[in-house]
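Trainee:
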Amino acid sequence: RFKRIQEAFDVLSDDDKRAAYDRYGEDFEKIRNTGWNPQAGGGAGFEGLDLEQIFGGGGRGGGGVQFEGGFSDFFEQLMGGGGRGAGPRRGGQRTAAAAPPQRGQNIRHELDLPMSLAVHGGETQFYLDGEKLSVTIPPGVNTGAKMRLRERGQPSPNGGPRGDLILLIKVSDHPYYRRVGNNLEVKLPVTVAEAVLGAKVDVPTPNGTVTMTIPPGTSSGKRLRLKGQGVKSRDGNAGDLIVEVQIHLPKEISDESKQLIEQFDAQNQLSPRDGISF
């Protein structure tokens with residue numbers, strides 16, 4: 131008897147034999163050997179296999195549990211139902227298993243930020259498809275950073291959670307300051323007198339105004355460093371502020387001033403282009 135059960139499993143694993151049984155019942159082997167399957171070979175017969183005696187249920191057409199789908203359904207019921215991804219039976223018909231809820235699609239959106247907001251952090255608002263949204267920007271973000279807003283993306287097609295909104299950060303250029311990593315660079319205008327005589331000048335920084343000393347005789351283009359006055363990173367360390375001195379001249383110079391400059395030049399001989407060659 132168990133040998134016949136094994137033979138039944140062999141039939142179930144053969145698509146041709148399985149289809150023949152589902153169509154012709156227990157006589158499938160006789161019909162199959164008369165030409166139903168062009169690849170016919172030896173196989174098992176089940177005329178003497180009484181399923182009701184073995185399992186206590188109804189066979190094909192008997193009382194008790196019915197296997198309307200034929201031989202295949204018998205083994206699907208025997209092995210725990212389902213099989214091949216099918217769902218439960220309702221009224222003799224197999225119903226497809228419900229698809230699990232899917233997340234909605236993510237949305238990617240480029241968000242432009244002024245440098246001051248990117249450095250300091252803070253709340254900003256923007257519009258997406260006509261909807262006004264708010265987001266808190268952490269301090270120190272830079273171009274290329276990404277922020278994820280959970281479940282603010284596309285809705286699910288079948289009742290699952292919404293997708294996420296991915297914000298791609300783009301920091302706008304500042305009219306005076308340039309960011310290089312966590313350092314900031316600025317070109318600071320000074321007068322001729324400040325450059326020649328030296329001076330204390332105020333320099334705006336992300337942390338407020340700082341007084342910086344211009345050494346006497348500072349040339350235009352000289353770079354001075356203010357430690358810790360750059361962009362603060364997440365670990366609390368801050369970059370530096372690099373100040374490049376730019377000597378500015380008045381648009382109009384009086385004749386008297388010109389004479390004084392000539393006297394200055396005569397008394398302070400300088401050959402700034404010596405050594406330049408190609």
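Residue numbering for the sequence shown follows the working numbering, beginning at 131 and increasing consecutively.
Where a beta carbon is used, it is the ideal one built from N, C-alpha and C, also for glycine.
Since the structure is predicted, the reported quantities are computational estimates derived from the model, not experimental observations.
What three-state label does DSSP hand L354 in the structure shown?
Mentor: To locate residue 354, count along the sequence shown from 1; it is residue 224. Here L354 sits in strand by DSSP.
Trainee: Evaluate contact between the region 292-305 and the region 333-347, counting only Cβ atoms and requiring at least three cross-stretch pairs below 8 Å.
Mentor: Contact fails: fewer than three Cβ-Cβ distances are below 8 Å.
Trainee: Tell me which residue opens and which closes the beta strand (DSSP E) that V322 is part of.
Mentor: Position 192 of the sequence shown, counting from 1, holds the residue named residue 322. No beta strand (DSSP E) holds V322; the alpha helix (DSSP H) holding it covers 322-327.
Trainee: Report buried or exposed for E253, applying the criterion of at least 16 other Cβ atoms within 10 angstroms of its Cβ.
Mentor: Against the sequence shown, residue 253 aligns to sequence position 123. It is exposed - the Cβ of E253 has fewer than 16 other Cβ atoms within 10 Å.
Trainee: Opposite I237 in the DSSP bridges: which residues?
Mentor: Indexing the sequence shown from 1 puts residue 237 at position 107. BP columns for I237 point to L295.
Trainee: Need the endpoints of the beta strand (DSSP E) that Q376 sits in, please.
Mentor: Taking the sequence shown and counting its residues from 1, one reaches residue 376 at position 246. Element bounds for Q376: 371-377.
Trainee: So for A275, helix, strand or coil by DSSP?
Mentor: As a position in the sequence shown, residue 275 is number 145, starting the count at 1. The answer is coil: DSSP assigns A275 none of H, G, I, E or B.
Trainee: So, for A229: in the same chain, excluding its five sequence neighbours on each side, which residues have a beta-carbon less than 7 Å away from its beta-carbon?
Mentor: As a position in the sequence shown, residue 229 is number 99, starting the count at 1. Answer for A229: N288, listed in chain order.
Trainee: For the beta strand (DSSP E) containing F256, list its first residue and its last residue.
Mentor: Working through the sequence shown from its first residue, we reach residue 256 at position 126. Note, F256: beta strand (DSSP E), 252-258.
Trainee: Can the beta-carbon of N312 be found less than 9 Å from the beta-carbon of G270?
Mentor: Mapped onto the sequence shown, residue 312 falls at position 182. Mapped onto the sequence shown, residue 270 falls at position 140. Going by C-beta atoms, N312 is nearer than 9 Å to G270.
Trainee: What's the call for T343, buried or exposed, on a 16-neighbour Cβ count within 10 Å?
Mentor: One-based indexing of the sequence shown puts residue 343 at position 213. Answer is exposed; the Cβ neighbour count stays below 16.
Trainee: Over the uninterrupted alpha helix (DSSP H) stretch that includes E386, give me the two end residues.
Mentor: Along the sequence shown, read from residue 1 onward, the residue named residue 386 stands at position 256. Where E386 is concerned, the enclosing alpha helix (DSSP H) stretches over 385-397.
Trainee: Could you say if the region 308-327 and the region 364-373 meet the contact criterion of at least three C-beta pairs nearer than 8 Å?
Mentor: Yes, since at least three Cβ pairs between the region 308-327 and the region 364-373 fall closer than 8 Å, the two stretches touch.
Trainee: The beta strand (DSSP E) with L263 in it runs from where to where?
Mentor: Looking up residue 263 in the sequence shown gives position 133. Per DSSP, L263 belongs to the beta strand (DSSP E) from 261-267.
Trainee: From what residue to what residue does the beta strand (DSSP E) around R308 run?
Mentor: Translated into the one-based positions of the sequence shown, residue 308 becomes position 178. Unbroken beta strand (DSSP E) run through R308: 307-310.
Trainee: For the 8 Å Cβ check, are there 3 or more pairs between the region 378-396 and the region 354-366?
Mentor: Result no; under three Cβ-Cβ pairs closer than 8 Å.
Trainee: Could you check what DSSP says for Q359 in three-state terms: helix, strand or coil?
Mentor: Translated into the one-based positions of the sequence shown, residue 359 becomes position 229. Coil, per DSSP.
Trainee: Per DSSP, D242 is paired with what?
Mentor: Within the sequence shown, the letter at position 112 stands for residue 242. Its beta-bridge partners are K300.
Trainee: Mind checking who G338 pairs with in its DSSP beta bridge?
Mentor: On the sequence shown, residue 338 is found 208 positions in, with the first residue counted as 1. Bridge partners of G338: T335.
Trainee: Determine, using beta carbons only, whether T341 and K330 come nearer to each other than 9 Å.
Mentor: For the purposes of this step, residue 341 is taken as residue 211 along the sequence shown, with counting starting at 1. For the purposes of this step, residue 330 is taken as residue 200 along the sequence shown, with counting starting at 1. Cβ atoms of T341 and K330: closer than 9 Å.
Trainee: Spatial neighbours of R278 within its chain, please: C-beta separation below 8 Å, excluding the five flanking residues on both sides.
Mentor: Walking along the sequence shown from the start, residue 278 turns up at place 148. Cβ within range, chain order: D294, L295, I296, L297.
Trainee: Would you verify that the beta carbon of L356 is, or is not, closer than 9 Å to some beta carbon of chain D?
Mentor: Of the protein chains in the structure, only one exists, and it is not chain D.
Trainee: Just the C-alpha distance for P291 and E281, rounded to the nearest angstrom, thanks.
Mentor: The sequence position of residue 291 within the sequence shown is 161, counting from 1. The sequence position of residue 281 within the sequence shown is 151, counting from 1. Computed Cα separation, rounded: 7 Å.
Trainee: For K276, count neighbouring C-beta atoms within 10 Å of its own C-beta (all shown protein chains included) and say buried if the count is 16 or more, exposed if not.
Mentor: Position 146 of the sequence shown, counted from the first residue, corresponds to residue 276. Exposed, because fewer than 16 other Cβ atoms sit within 10 Å of the Cβ of K276.
Trainee: According to DSSP, E315 sits in a beta bridge with which residue or residues?
Mentor: Taking the first residue of the sequence shown as position 1, residue 315 is located at position 185. Bridge partners of E315: R308, I372.
Trainee: Please report the straight-line C-alpha distance between V384 and V316, rounded to a whole angstrom.
Mentor: Walking along the sequence shown from the start, residue 384 turns up at place 254. Walking along the sequence shown from the start, residue 316 turns up at place 186. Residue identity check: residue 384 is Ser in the sequence provided, not Val. Answer to the nearest angstrom: the Cα atoms are 31 Å apart.
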